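Below you'll find the structure, written out as structure tokens, and then a few comments.
In this note's numbering, the protein residues as written are 6 to 307.
See below:
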């Protein structure tokens with residue numbers, strides 16, 4: 006707080022992130038001055054980079070890669086940036102599936118970087134951050150990102166199972182295993198919640214995971230409550246996790262999961278309220294009482 010007639014110095018730290026070149030930010034200052042209740046302080050900076058890249062992006066994006074694709078390569082030109090002559094050196098590619106070769110074209114001015122990715126493809130996205138030294142004192146280190154969206158070898162459809170808590174009837178939730186290429190063999194399927202059961206079967210030539218939810222299942226947890234874990238003989242996808250989420254969680258007062266028959270057992274305990282009786286109690290409490298309407302004059306009898 007700055008008192009009237011006083012001055013104050015304060016330090017501003019700006020996080021440039023991956024920005025390059027000029028950019029600005031505004032800081033708002035509120036006061037109790039009726040004529041100047043808010044002041045805007047504009048901060049201007051010019052972020053220098055050791056490298057200038059062609060194409061001008063900090064990410065080498067290979068796009069979508071099907072599993073049948075062969076090895077892929079891209080070329081990036083590294084030029085002298087804002088800090089004078091460069092002497093780049095590649096420290097690491099950040100991922101064993103990413104290979105790179107740096108070639109000098111014009112000493113201190115221009116270099117070519119060849120980046121390659123190759124199968125066996127991972128199960129999903131491929132990401133990497135490549136680290137360089139620049140040879141520039143002001144900016145000694147710089148990074149480049151590598152990205153590729155690899156078609157999954159194995160995925161579940163739907164990718165998540167959703168349980169409705171408090172359902173009186175038993176339920177079966179089904180997801181299908183989708184393989185890219187020849188299907189592998191599923192060795193086992195398990196679920197981490199002991200009150201749920203999982204079954205592996207085939208339907209129409211497809212591998213199906215069925216999750217069995219007992220009647221009266223309840224939980225106070227929200228969001229993902231457990232996982233179905235599928236183990237396979239495939240070296241690329243030795244296991245696949247299918248999250249299980251819950252909607253309409255039970256209030257925190259009831260934290261235990263009810264197995265089939267638990268509701269009936271609780272009904273024999275004095276004072277226990279079954280779901281049906283609770284529903285009747287709620288319904289009757291909301292019904293308005295209707296009183297007879299009095300007449301203006303009593304009827305005369307003969």
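Idealized CB from N, CA, C, for every residue including glycine.
As the structure is a prediction and not an experimental result, all values here were calculated from the model.
Would you tell me roughly how many angstroms separate the C-alpha atoms of residue 173 and residue 251, rounded to the nearest one? As a first step, residue 173 is located in the chain shown; it is residue number 168 there, counting from the start. As a first step, residue 251 is located in the chain shown; it is residue number 246 there, counting from the start. When rounded, the distance between both Cα atoms is 15 angstroms.
Per-residue DSSP class, three states only, for residue 176: Locating residue 176 in the chain shown gives position 171, counting from the first residue. Of the three classes helix, strand and coil, the one that applies to residue 176 here is strand, per DSSP.
Could you tell me the distance, in whole angstroms, from the CA atom of residue 7 to the CA atom of residue 50? Counting from 1 along the chain shown, the entry for residue 7 is found at position 2. Counting from 1 along the chain shown, the entry for residue 50 is found at position 45. If I take the Cα positions, the gap works out to 26 angstroms.
By a C-beta neighbour count over all protein chains shown, 10 Å radius and 16 as the cutoff for buried, is residue 227 buried or exposed? One-based indexing of the chain shown puts residue 227 at position 222. Result: exposed.
Going along the chain, which residues of its own chain have a beta-carbon closer than 8 angstroms to the beta-carbon of residue 170, five neighbours each way excluded? The sequence position of residue 170 within the chain shown is 165, counting from 1. The residues are 222, 223, 224, 251, 252, 253, 254 and 255.
Segments of 4+ residues assigned as alpha helix (DSSP H) that fall wholly inside the stretch 170-234: none
Quick one: what does DSSP say residue 132 is sitting in, helix, strand or coil? Position 127 of the chain shown, counting from 1, holds the residue named residue 132. Note: residue 132 maps to strand in three-state DSSP.
Let me make sure I understand the geometry here. Which of 176, 55 and 118 has the alpha-carbon closest to that of residue 151? Residue mapping note: residue 151 aligns to position 146 of the chain shown, counting from 1. Checked all of 176, 55 and 118; the closest Cα to residue 151 is 118.
Can you find at least 3 beta carbon pairs, one from the stretch 63-83 and one from the stretch 119-128, that sit closer than 8 angstroms? yes
Are there 16 or more other CB atoms within 10 angstroms of the CB of residue 137, so buried, or fewer, so exposed? By 1-based counting over the chain shown, the position of residue 137 is 132. It counts as buried.
Going by the beta-carbon positions, is the gap between residue 329 and residue 160 smaller than 9 angstroms? Residue 329 cannot be examined here, being either before or after the span of the chain that is shown, 6 to 307.
Spatial distance of residue 15 from residue 236 (CA atoms): The residue given as residue 15 occupies position 10 in the chain shown. The residue given as residue 236 occupies position 231 in the chain shown. Going by the C-alpha atoms only, they are around 57 angstroms apart.
Just the C-alpha distance for residue 36 and residue 12, rounded to the nearest angstrom, thanks. Residue 36 sits at position 31 when you count from the first residue of the chain shown. Residue 12 sits at position 7 when you count from the first residue of the chain shown. Between residue 36 and residue 12, the C-alpha separation is close to 14 angstroms.
Same chain, Cβ closer than 8 angstroms to residue 179, five either side skipped, listed in chain order: By one-based count along the chain shown, residue 179 stands at place 174. Counting only residues of its own chain and dropping the five nearest sequence neighbours on each side, residue 179 has a CB closer than 8 angstroms to the CB of 213, 214, 215 and 216.
How far does the beta strand (DSSP E) with residue 146 in it extend, from its first residue to its last? As a first step, residue 146 must be located in the chain shown, where it is residue number 141. Boundaries of the beta strand (DSSP E) harbouring residue 146: 146-155, taken from the DSSP string.
Between the CA atoms of residue 245 and residue 202 - distance to the nearest angstrom: On the chain shown, position 197 is the one that residue 202 refers to. On the chain shown, position 240 is the one that residue 245 refers to. When rounded, the distance between both Cα atoms is 17 angstroms.
Distance, residue 189 Cα to residue 241 Cα: As a first step, residue 241 is located in the chain shown; it is residue number 236 there, counting from the start. As a first step, residue 189 is located in the chain shown; it is residue number 184 there, counting from the start. Rounded to the nearest angstrom, the two C-alpha atoms are 10 angstroms apart.
Could you spell out where the beta strand (DSSP E) holding residue 105 opens and where it closes? Taking the first residue of the chain shown as 1, we reach residue 105 at position 100. 103-111 is the extent of the beta strand (DSSP E) around residue 105.
Suppose the cutoff is 6 angstroms on Cβ atoms and the five residues either side in sequence are ignored; what does the same chain contact list for residue 239 look like? In the chain shown, counting from the first residue as 1, residue 239 sits at position 234. Residues of the same chain with a CB within less than 6 angstroms of the CB of residue 239, apart from the 5 flanking positions on each side, are 189 in chain order.
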